[in-house]
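Take a look at the structure below.
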Amino acid sequence: MPELPEVETVARTIRPRLVGATIADVEVLDPLVIRMPDVAAFVDGVLGSRVLSVVRRGKHLILELDNRRSLMVHLGMTGRLTVGGADAIPDHARLRFSLSTGEALWYADLRKFGRLCIAEDASRYLGDLGPEPLGNELTLGTLLKAIKGRRRPIKSLLLDQTVLAGLGNIYADEALFEAGIHPCTPSGSLTEADAARLLAAVRNVLTQGIANHGTTISDYVDAQGRAGQNQHLLCAYGRAGRPCVRCGTAMERLRLAGRSACYCPVCQPAPETI
DNA sequence: AACCTCACCTGCGGGC
DNA sequence: TGCCCGCAGGTGAGGT
-11 MPELPEVETV ARTIRPRLVG ATIADVEVLD PLVIRMPDVA AFVDGVLGSR
39 VLSVVRRGKH LILELDNRRS LMVHLGMTGR LTVGGADAIP DHARLRFSLS
89 TGEALWYADL RKFGRLCIAE DASRYLGDLG PEPLGNELTL GTLLKAIKGR
139 RRPIKSLLLD QTVLAGLGNI YADEALFEAG IHPCTPSGSL TEADAARLLA
189 AVRNVLTQGI ANHGTTISDY VDAQGRAGQN QHLLCAYGRA GRPCVRCGTA
239 MERLRLAGRS ACYCPVCQPA PETI
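Position 215 of the first sequence, counted from 1, bears residue number 203 in the working numbering, the numbering being contiguous throughout.
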């Protein structure tokens, strides 16, 4: 569910409620969401520590603690991190962190694909993660190097978190639509101009997603339980059978890398080599 | 090495 | 009404 804009929105909305607060108690309601061999080690890692900062990296949330450790959170498909009353138990609640402020940080997750753990060294834990697409980390040169000589479909490459961090199925479809590139295009066949257009489109769709507080299809909410608004602005994702916003042609859907991809057969012409 | 498929979970909506 | 199927923003293990 949550891609970079959604995770960024969660980070921004939990930050003011968490920074400076101490985690007074932890209740593990479902150990499946703890990605550690020992749940007790997870509890020990956070109990009594103060939150120094809340950082987003790709689709990961990092809560830096004053015990030199980091609480790592990945929301999976349906994970929700909300701050609220200690008694206001959300649906599918999996964890409750009781805060010194009197509030609680809840982790809820319908499908339980999300994971939390304690990392001694957050940057080592995220060692394989590619560059951030916003800011200066990801350059056209980096992208060109990543696509060079690869026959892998460009959408599959965009979803690869070691190539760039934070894109998911929604924003990959949106970026390819904006750039006018078919999702199956072999990565290595893109010209430098194609890659430049794609990089600009990736940044555009992510920036717009953040500006609109994320895309809510069914589950995503921010720390205060508010839905995003970006779903009203999608041009490609989930629009199979509906008219292209640019040319009116019926949008199509195909299966790629185990996910569905929506695209306009006219604005995003199929590559010759398929 | 590069790439693909499936498994992991739960719920929902469509077709019969 | 109810069953069965496919589908859903995420990885990550294991196969070719």
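Just so you know, even glycine gets a beta-carbon here, dropped at the ideal spot from N, CA and C.
Distance check for residue j and residue i, CA to CA, integer angstroms please.
| i | j | result |
| --- | --- | --- |
| residue 216 | residue 203 | 5 Å |
| residue 39 | residue 139 | 44 Å |
| residue 54 | residue 35 | 11 Å |
| residue 144 | residue 245 | 6 Å |
| residue 262 | residue 141 | For residue 262, the predicted structure reports a pLDDT of 42, less than 50, and the residue's modelled location is therefore unreliable. The matter cannot be settled from this model. |
| residue 6 | residue 254 | 48 Å |
| residue 220 | residue 9 | 35 Å |
| residue -4 | residue 174 | 30 Å |
| residue 196 | residue 250 | 19 Å |
| residue -1 | residue 60 | 12 Å |
| residue 91 | residue 222 | 35 Å |
| residue 89 | residue 11 | 9 Å |
| residue 121 | residue 94 | 29 Å |
| residue -9 | residue 260 | 31 Å |
| residue 30 | residue 125 | 32 Å |
| residue 75 | residue 41 | 25 Å |
| residue 146 | residue 135 | 10 Å |
| residue 63 | residue 96 | 9 Å |
| residue 68 | residue 201 | 14 Å |
| residue 79 | residue 183 | 43 Å |
| residue 165 | residue 185 | 11 Å |
| residue 19 | residue 52 | 22 Å |
| residue 49 | residue 256 | 34 Å |
| residue 107 | residue 181 | 40 Å |
Out of the options, state which residue places its alpha-carbon closest to the alpha-carbon of residue i.
| i | options | result |
| --- | --- | --- |
| residue 66 | 56, 81 and 59 | 81 |
| residue 113 | 155, 136, 209 and 58 | 58 |
| residue 4 | 60, 26, 87 and 111 | 87 |
| residue 159 | 167, 132, 193 and 153 | 193 |
| residue 137 | 76, 236, 177 and 212 | 177 |
| residue 22 | 101, 72, 147 and 92 | 101 |
| residue 151 | 27, 169 and 130 | 130 |
| residue 199 | 166, 256 and 218 | 218 |
| residue 179 | 32, 132 and 163 | 132 |
| residue 171 | 225, 24, 213 and 107 | 225 |
| residue 243 | 19, 161 and 168 | 161 |
| residue 127 | 106, 190 and 107 | 190 |
| residue 28 | 71, 105, 1 and 72 | 105 |
Per the DSSP calculation, residue i is bridged to which residue(s)?
| i | result |
| --- | --- |
| residue 95 | 69 and 83 |
| residue 24 | Note: residue 24 sits in no beta bridge, so no partner. |
| residue 105 | 60 |
| residue 51 | 42 and 59 |
| residue 240 | 251 |
| residue 231 | 238 |
| residue 174 | 141 |
Starting from residue i and walking both ways along the alpha helix (DSSP H), at which residues does that stretch end?
| i | result |
| --- | --- |
| residue 182 | 180 to 199 |
| residue -6 | -8 to 6 |
| residue 160 | 157 to 167 |
| residue 138 | No alpha helix (DSSP H) holds residue 138; DSSP gives it neither H nor E. |
| residue 142 | 142 to 146 |
| residue 113 | 110 to 113 |
Could you spell out where the beta strand (DSSP E) holding residue i opens and where it closes?
| i | result |
| --- | --- |
| residue 251 | 247 to 251 |
| residue 13 | 11 to 16 |
| residue 58 | 58 to 62 |
| residue 41 | 39 to 45 |
*Give a yes or no on contact between the stretch 229 to 236 and the stretch 207 to 216, applying the rule of three or more CB pairs nearer than 8 Å.*
no
*Evaluate contact between the stretch 42 to 51 and the stretch 117 to 130, counting only Cβ atoms and requiring at least three cross-stretch pairs below 8 Å.*
yes
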